[in-house]
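Below is one structure; the comments refer to it alone.
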Amino acid sequence: MIAEAGLGLLWIAAALAIMQLGLGWVAVARGRDEQISGVRAIAVAQGILVTLSFLALILLFLRSDMSVALVAANSHSAKPWLYKFAGTWGNHEGSMLLWVTILGAAGSAVALFERSLKASTLIATLAAQAALSIGFYAFLLFSSNPFTRLVPAPADGQGLNPLLQDPGLAFHPPTLYFGYVGMSVAFSFAVGALVTRDVDPAFARAMRPWVLGAWIFLTLGITAGSYWAYYELGWGGWWFWDPVENASLMPWLATTALLHSVTVLATRDGLRAWTVMLAVVAFSMSMVGTFLVRSGILTSVHSFAVDPTRGSFLLALLAIYIGGAMTLFALRIGTVREGSQFDLVSREGALVVNNLLLSAILGIVFVGTLYPLGVEAVTGEKLSVGPPYFNATAGPITLFLVLVMIAGPLMRWRRDRLAVVVQRLAIPILAIAVALLVLVLVSPDIGILPFMGLLLAGGVALGSLAPLWGRNLRRTPLFTWGMVVAHFGVAVSLAGMASETGFIKEVLIASNVGESHRVGPYDVKFAGLDPVAGPNWTALEATLEARRGNGEPLILKPQSRMFSNPPTETNEAAIRTVLDGQLYLVLGKQEPSGRWQLRMWWKPFVTLIWLGGGMIAFGGFLALVGRFRRDRLSGRGRAIA
Amino acid sequence: MKPKHQRLTLAVAALATVIGAGLLAVSALSDRAAYFYSPADLAKAKPAPDAAIRLGGMVADKSIVHEADGVTIRFVVEDGAFKTPVQFKGIVPDLFKEKSGVVAEGKLGADGVFVATNILAKHDENYKPPQMAGSEHKTESLAR
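Those protein sequence lines, which keep their order, are chains A and B.
Quick note: the first sequence uses my numbering, first residue 4, plus one each step.
Quick note: the second sequence uses my numbering, first residue 444, plus one each step.
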């Protein structure tokens, strides 16, 4: 019954989306702004219905209803409840339903809370959001129905990929999707503003909180995904330039650029066309990412069993939406009035450079990710583009971008003098010089990228604090704090990456029980090996005692696990975080002479990578709160005047 | 600066960035994209020394030899009549076994031995596979 109800709700929601588009279209075409309440109500109802449909699917997973094909194929009654719950989106159909749910919910949120946008633009925005929803409803209903029944129902399900049986599954996909799909709002705003020819600072101010919100989730989702891959896969790496990671990085790059350009439009009325373009590109990147991950042209933990029609369906949707938005952009951009002017040496100038560099990185990642697919499609030749390509190209540009990041916030709007800017930069430049001196003395050969990374991290850390210089800290606006915290987070993250890459110590050895090995500052003793069992797995567990100097030993227990449903072996790394880094131990296989393979890493300050990611997101949160507060205050001021 | 000039400057800057990034990408792709070779391909055309390549084929029966250090293995990848010896230091994936598909990433040494830095094993057929022909899955190759 629940499955049929869920499917019914989905159909009604799809019908509402069609109504939302139709009514919105007519209202905009005839200039009937009073239709706004009707469009709003439909958008809210559509969001509620699709959310209920998603809840129905969660319920089916929690109850292990094996008469539903999707549950039978991806769940197992012996699984802990958390993985039954999170397993709802650990498969193609479920994750697409989550996608559509967030798309509908984002539309509802705009309908409920957006008050500053002009009525006609808001109607056009909601109609655009409905147009997006319709395509993805069609995709779900016609080629990825999550509620299909299985007759006869099997006794039990086939289980969930063990790599996904981790608390990370409950957190990482929903956060990432909130960011990914949340960008649809910016896309719809841009389309709406193009339709009503209403690209101006008021539009930018209305769009900014939505962009900021999506960006915060995107940042958190990527950070969480990176840490999940780091501890779960047991490779000890935190970024692989895997196409699936790139699929989440590309929208992030575009959104970060948009976040900066929308500020120029909101405060200085510049970069009108460019900002609208970025809003379209950002969500297009989300859709490209979804296509890459969901069409099955890639093979990774993210692409579940696939059939080729889905890929073509998604590709068609992609072509329609991106093509449609670009066409509208080309037709309408001529009517967008020229924005105000600025000097090239100015805050606007620095933000333009920021945007250009972010776009350049985006282009490089895009080419590197899609090139192998293109080559294979055309010539049938298989090739892989990996870290060597991305590090050599995106690495230097990123460092250059970071350099601009030190100077940008210290420049004045509209016009500034280079000599004065250099004066203001004195402190960060001094910091870089000191860092350089220390680095040359301490470690002359850590590689150029980590070396530059550490240098610039020092400069950015101080440079990001410079906007607070000489200010009354309690009266500094919250969004300025947000910028400071986010930029400082970049420095923290960069320092972590550079330190991990430059100073990592790695030991790969075959060891008998009882032997000791030196890993970085630790002596690690292989103390024992025992069989252990969990709810749906058995494992061999090594006990390792890591001692640093004369301190208390840390006990680490890496496992080699054997899952029963489905039968698969995985490695559970043992990770211990201390103040100045992480000890990362992996138990390998037994080699013929009876010794066990151990892989051990000492990673100095590696946790800074994710701490920095969290700070970046938190900075975004501060800025968001600050904007709301300022809007409320200015709203009240206007009421009084 | 006149508005027209400013727009022109911005357009030129944008164009320069795009072209620069494009050139960087193309030059990096031409020497850093790892091409896929089978032992037969290797016999026909030797890749440049130092070029990152991927070698795909079957692990020959009874070819896996464990070195005394316990972490280095040698094996032979075969493809019909052609064979390529491979050396790998690291922990092999669970699905790595003789008479089974494998993809090795690394470089071909001057002595004809392929030094792998990464081993990808074909995904287990019993498990829900991504159904593409020739696809492989980085289950847990533990080398850098």
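No residue lacks a Cβ here, since even glycine has one placed at the ideal position from N, Cα and C.
Since the model is a prediction, treat every value here as computed from it, not as a measurement.
What does DSSP give as the partner residues of residue i in its beta bridges?
i      : result
A:A653 : Missing from the structure shown is residue 653 of chain A; chain A here goes from 4 to 644 and no further.
B:A477 : A:S387
A:D533 : A:E544
A:G280 : Note that residue 280 of chain A is Met in the sequence shown, not Gly. A:M280 is not bridged to any residue.
B:V529 : B:F518 and B:F557
A:Y525 : A:V522
A:T580 : A:Q585
B:H588 : Because chain B in this structure spans residues 444 to 587, residue 588 of chain B falls outside the shown range and cannot be described.
Would you tell me roughly how many angstroms separate the C-alpha atoms of residue i and residue j, rounded to the nearest one?
i      : j      : result
A:R200 : A:M329 : 15 Å
A:A257 : A:W28  : 29 Å
A:S596 : B:L498 : 29 Å
A:V267 : A:K592 : 56 Å
A:L55  : A:L12  : 7 Å
A:L532 : A:D526 : 18 Å
A:E575 : A:M603 : 13 Å
B:A599 : A:V355 : Lying outside 444 to 587, the shown extent of chain B, residue 599 of chain B is not represented and no answer is given.
A:V73  : A:D159 : Reading off the sequence, residue 73 of chain A comes out as Leu, not Val. Near 12 Å, if we compare the C-alpha coordinates of A:D159 and A:L73.
A:S303 : B:L467 : Because the pLDDT of A:S303 is 46, which lies under 50, any placement of that residue in the model is unreliable, and the number read from its coordinates should be weighed accordingly. Roughly 28 Å separates the two Cα atoms.
A:P524 : A:A48  : 60 Å
A:P652 : A:L85  : The structure shown has nothing for residue 652 of chain A, since chain A only spans 4 to 644.
A:A501 : A:L163 : 36 Å
A:A536 : A:A542 : 6 Å
A:R374 : A:V291 : Sequence check: residue 374 of chain A is Tyr here, not Arg. Rounded to whole angstroms, A:Y374 to A:V291 spans 14 Å at the Cα level.
B:V558 : B:F531 : 6 Å
A:F64  : A:P157 : 15 Å
A:M455 : A:V113 : 43 Å
A:G377 : A:E7   : 41 Å
B:I399 : B:E541 : Residue 399 of chain B lies beyond the range of chain B shown here (444 to 587); nothing can be said about it.
A:G224 : A:G337 : 37 Å
A:G485 : A:G411 : 15 Å
B:G544 : A:L611 : 39 Å
A:R350 : A:L26  : 42 Å
A:L221 : A:A620 : 9 Å
B:G549 : A:K385 : 15 Å
A:R625 : A:Y587 : Per the sequence presented here, residue 625 of chain A reads as Leu, with Arg not at that position. Distance between the alpha carbons of A:L625 and A:Y587 is about 34 Å.
With 16 as the cutoff for other CB atoms within 10 Å, does residue i come out buried or exposed?
i      : result
A:M186 : buried
A:W14  : exposed
A:P570 : exposed
A:Q645 : Beyond the ends of chain A as shown, which are 4 and 644, falls residue 645 of chain A; an answer cannot be given.
B:G555 : exposed
A:S123 : buried
A:R297 : buried
A:S119 : exposed
B:K487 : exposed
A:I409 : buried
A:F116 : exposed
A:M4   : exposed
B:D510 : Sequence check: residue 510 of chain B is Glu here, not Asp. Exposed, because fewer than 16 other Cβ atoms sit within 10 Å of the Cβ of B:E510.
A:K606 : buried
A:N553 : exposed
A:H175 : buried
A:V443 : exposed
A:S111 : buried
Check whether the Cβ of residue i lies closer than 8 Å to any Cβ atom in chain D.
i      : result
A:T259 : Absent from the structure is chain D; the protein chains it does hold are A and B.
At what residues does the alpha helix (DSSP H) containing residue i begin and finish?
i      : result
A:D203 : Note, A:D203: premise wrong, no alpha helix (DSSP H); not H, not E.
A:H490 : L481 to F506
A:T259 : P246 to R271
B:K487 : P482 to K487
A:I51  : I39 to L65
A:M565 : It is not in any alpha helix (DSSP H) - A:M565 instead sits in the beta strand (DSSP E) that spans Q562 to F566.
A:M22  : I5 to R33
A:W84  : W84 to A89
In the DSSP assignment, find the beta strand (DSSP E) that holds residue i and state where it starts and stops.
i      : result
A:N574 : T571 to E575
A:W599 : W599 to P607
B:M501 : I496 to V502
A:Q585 : G584 to Q593
B:K550 : G544 to L551
A:I558 : L557 to L559
- Query: Which runs of the beta strand (DSSP E) spanning at least 3 residues fall entirely within the segment 132 to 191 of chain A, listed in chain order?
  - Reply: none
- Item | Residue ranges of each alpha helix (DSSP H) within the segment 401 to 458 of chain A, 4 or longer | 421 to 427 and 429 to 445
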